[in-house]
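Step one of this worksheet: look at the structure below.
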DNA sequence: TTCCGTTGCTAAATCGGGTTAGCGCCCGAT
DNA sequence: ATCGGGCGCTAACCCGATTTAGCAACGGAA
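Residue numbers (our numbering), protein chains in the order written: chain A, 1 to 356; chain B, 1001 to 1356.
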């Protein structure tokens, strides 16, 4: 059935040379070590014919390397987001011949410890510590055993680890500018957080930063937020409740919803009050959940670039790995750089020019 | 920074014994090989103090094993489904001390070949070949090098590989019974596929099997499908179009939508025609996409048990792995068993008793 | 003829752990 | 005093690849 792997010894034997000779030829060092053309050809031919592939486990033992990186996240199952992030990381890793170990901690510190240990036991060359929603996390000790990168997360304490996060502040600005560009200046309300910077769900980096960006862009244009409603959790039902509450006392011309699920609730509330999107009320949102293009009218939203985040994390990790081998951990006390990945606006149908 | 791993040699030295002795003690074979209590204690203490952990790569080289399984899917980024499946697999694997390699083929056969090779190079102990929507796939050659299981996929040609799939036929029956139990007997229409068995999207196992189940349960009750509309793709926009088309000529009392996204489109179409769910039209659907509980009224749907599918695949794989080591590949020409995972009904608000 | 310098390859050690065969020692029996 | 046998441990080899040091063989020069 499985006819035993072809090993280097098999190739050497077939070529009539010793194992080291075959190794030298196959690793391309044949020239510099003066292996004859004849032998080189014989080895290459034998390797080809036997379909030789080096056993990475063995190389790993020798070199301490595994061509593998560990991807540890709190949850992979929360929405599609995770999938895209993993996909980006997967492809970037594959391009360099690396595989990905996936692990899930469920936010459990003990599980996280065990998982990092298990990955360490398998000699991963690097680690990505991912969070499925942008937040600040406590960096586990012992992470420094291998190069590591934080993904979609910021360290609570200062660490030398670099971080890759979406540029939420700029996203906030962009969302606001979508409305400004459409001529909206009055009756702009926020659903999900605000109006003050402290009116945000706990732990949510996204909420604070989006709010900062929104206020900044509106402020620059001399526009004031007309009002806001917070949501305890960013789910449709709370978006529905918050928007209903708003509509009882106000006549918004535009809503900035803090994510697409809230926007879905807002659509439902507006429908209840007989208001049309975007004719009566324009809506802009965040995330670009698949949902956004299923809604009627399709939702204009500032996308979380999950795929790019995953890619970027791997790229930063590889840079880190090279750095660590080159400098031999010289400047280990530097502080980690934060890489911000731009969030693009997806213009759809939920924003129309202000009639004012 | 990273103070070199503690090896068995370190433990042996600290305990003042030879490497093999330490190995014997730590592998629990000390007793049978008459290692003295004194030495045993010294070794255990040394291992504890040094926080010794065996290097799995090394063990892997010796034993040809890696305590790792490969999870190869066509796409991990399609909807939340994938995440839950991976999560189930992840947890089941972790319970046995196994890690998961994740790989994505994008449906590209060449990529698939390379990926399987890369996993083989890393000596995975088993493989899960997953599809993100239930369908029949061509089983790649060379897969037989390690134990393997098909997940959410059926083999096109007969193979010895077992498969784990959702029980879609029973799901169809259950969906139909939800309506029957509510007293519906007339005006039941299908959106997405049917009414004949050949009116289904290409390659979709789910469509065929759900349809079979629906017709079976309705048939048993002496109820006829009033009509059906197909959708080229199971997306909201097509659900919307199909349902609109239906409503122009018919007055349905109940709809069976072939998935939740179609149901979302159906909701929109019913709204356009001023019809209320479930007062005017009851709706039952499939998948239990997160969407289903965001819709108003919340959607009654037969859930795809992604988490359980992932778990089950790993369990079947482990059984397979044991079998292969025990029997030493004796009965290799047997044909793979198909495991069907039940799909539970999630009763929500979109079905009401028939007024007829 | 001897010595040196190349050329072209291989022996041996290494990585970290596991396994098997067998060595020395002590004890009691002869 | 010698032998046999159990006890307690270790030498030596294995997995598959890489690396370093060094060994033959040959040719040219002295």
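Even glycine gets a Cβ: it sits at the ideal position worked out from N, Cα and C.
Query	Result
Any beta-carbon of chain B closer than 7 Å to the one on residue 191 of chain A?	no
Nearest to residue 1251 of chain B by CA position, among B:1236, B:1214, B:1228, is which residue?	B:1228
Apart from the five residues just before and just after residue 311 of chain A, which ones in its own chain have a Cβ nearer than 6 Å to its Cβ?	88, 92
Of the residues that make up the segment 233-244 of chain A, which ones have a beta carbon closer than 7 Å to any beta carbon in chain B?	236
Per DSSP, what are the beta-bridge partners of residue 357 of chain A in this structure?	Shown here, chain A extends from 1 to 356; a query on residue 357 of chain A therefore has no answer.
I'd like to know if the segment 165-181 of chain A and the segment 235-243 of chain A are in contact, where contact means that at least 3 CB-CB pairs between them fall below 8 Å.	no
Assess contact between the segment 90-108 of chain A and the segment 279-291 of chain A, defined as three or more Cβ pairs (one per stretch) separated by less than 8 Å. Is contact present?	no
Do residue 46 of chain A and residue 82 of chain A have their beta-carbon atoms positioned less than 7 Å apart in this structure?	no
When the Cβ atoms of the segment 1020-1029 of chain B are set against those of the segment 197-208 of chain A, are three or more pairs found closer than 8 Å?	no
At the level of alpha carbons, what is the spacing between residue 1074 of chain B and residue 1138 of chain B?	12 Å
Could you give the first and the last residue of the continuous alpha helix (DSSP H) run that contains residue 120 of chain A?	109-121
Label residue 1155 of chain B either buried or exposed according to how many other C-beta atoms from any shown protein chain fall within 10 Å of its C-beta, with 16 as the threshold for buried.	buried
Could you have a look at residue 1304 of chain B and say whether DSSP puts it in helix, strand or coil?	coil
Applying the criterion that 16 or more other CB atoms from any shown protein chain within 10 Å of the CB defines a buried residue, is residue 1030 of chain B buried or exposed?	buried
Pick out whichever of A:38, A:256, A:259, A:298 has its Cα sitting closest to the Cα of residue 349 of chain A.	A:298
Run through chain B and tell me which residues come within less than 7 Å of residue 104 of chain A, C-beta to C-beta.	1087, 1090
With 16 other CB atoms within 10 Å as the buried threshold, where does residue 1124 of chain B fall?	buried
Is there contact here, the segment 1139-1150 of chain B with the segment 1171-1187 of chain B, by at least three beta-carbon pairs under 8 Å?	no
Where do the N-terminal and C-terminal ends of the beta strand (DSSP E) with residue 230 of chain A fall, by residue?	227-230
Report all residues from its chain with a CB closer than 6 Å to the CB of residue 1302 of chain B; omit the five preceding and five following residues, and keep chain order.	1171, 1174, 1175, 1286, 1343, 1345
Please compile the residues from chain B whose C-beta is within a distance smaller than 8 Å of the C-beta of residue 264 of chain A.	1294
Contact defined as beta carbons within less than 8 Å: I believe residue 1339 of chain B pairs with residue 1223 of chain B. What is the distance between those atoms, to the nearest angstrom?	Contact flag wrong, Cβ pair sits at about 31 Å.
DSSP state of residue 137 of chain A, grouped into three classes?	strand
Answer yes or no: does any C-beta atom of chain A fall closer than 7 Å to that of residue 1130 of chain B?	no
Along the alpha helix (DSSP H) that carries residue 1340 of chain B, what are the first and last residues, could you check?	Taken as a continuous stretch (DSSP letters only), residue 1340 of chain B belongs to no alpha helix (DSSP H), being part of the beta strand (DSSP E) at 1338-1341.
List the DSSP bridge partners of residue 1287 of chain B.	B:1303
Under 7 Å, Cβ to Cβ, is there at least one residue of chain B near residue 73 of chain A?	no
For the segment 1046-1065 of chain B against the segment 39-59 of chain A, are there 3 or more C-beta pairs whose distance is under 8 Å?	yes
Does DSSP classify residue 1073 of chain B as helix, strand or coil?	strand
Cβ atoms of residue 101 of chain A and residue 1099 of chain B: under 7 Å apart, would you say?	yes
Could you name the residues of the segment 1053-1066 of chain B whose beta carbon sits closer than 7 Å to any beta carbon of chain A, in the order they occur along the chain?	1053, 1055, 1056, 1057, 1058, 1060, 1061, 1066
According to DSSP, is residue 43 of chain A helix, strand or coil?	helix
Does any residue of chain B have a CB that is nearer than 7 Å to the CB of residue 101 of chain A?	yes
Considering only the alpha carbon of each residue, which of B:1040, B:1017, B:1220, B:1262 lies closest to residue 1028 of chain B?	B:1040
Applying a beta-carbon distance threshold of less than 9 Å, which residues of chain A neighbour residue 1346 of chain B?	Per Cβ cutoff of 9 Å: no residues; residue 1346 of chain B is ~17 Å from chain A at best.
Can you give me, in chain order, the residues of the segment 1259-1288 of chain B that have a beta carbon less than 9 Å from any beta carbon in chain A?	1261, 1264, 1265, 1268, 1271
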